[in-house]
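Take a look at the structure set out below.
Residue numbers (the working numbering): 12 to 119.
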């Protein structure tokens, strides 16, 4: 009977006003499911992108380390080459001075 149901002002069926739950299978349930699938797909893409970026960063760090090591050893070899060339020039100058001293003689 109608007298048995509690009445709420402004409610025709006697139930309290509640917001519609999209998980109940209403018209927006498909929209919610589609949105959930899209979010899941975007999240998966984000995870894959972050993994690829991490591996790329690791490769770049390794490359930087290798380049720094090569430059450091390259700097050492450059320094050795400069030192060798300076020693050769010094030896050539000494030889030239000896030849000059031998030609001019000890009295000059």
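All residues carry an ideal CB built from backbone N, CA and C; glycine is no exception.
Exercise. DSSP state of residue 88, grouped into three classes?
Worked result: As a first step, residue 88 must be located in the chain shown, where it is residue number 77. Here residue 88 sits in helix by DSSP.
Problem set entry | 6 angstroms CB neighbourhood of residue 89 in its chain, flanking five on each side removed | To locate residue 89, count along the chain shown from 1; it is residue 78. Hits under 6 angstroms: none found.
Exercise. What did DSSP end up calling residue 63 once you bin it into helix, strand or coil?
Worked result: As a first step, residue 63 must be located in the chain shown, where it is residue number 52. Here residue 63 sits in helix by DSSP.
Problem set entry | Own chain, CB closer than 6 angstroms to residue 84, minus 5 neighbours either side, in chain order | If you number the chain shown from 1, residue 84 lands on position 73. Excluding residues within five positions, none has a Cβ falling inside 6 angstroms.
Exercise. By DSSP, does residue 39 sit in helix, in strand, or in coil?
Worked result: For the purposes of this step, residue 39 is identified with residue 28 of the chain shown, where counting begins at 1. It is coil, neither helix nor strand.
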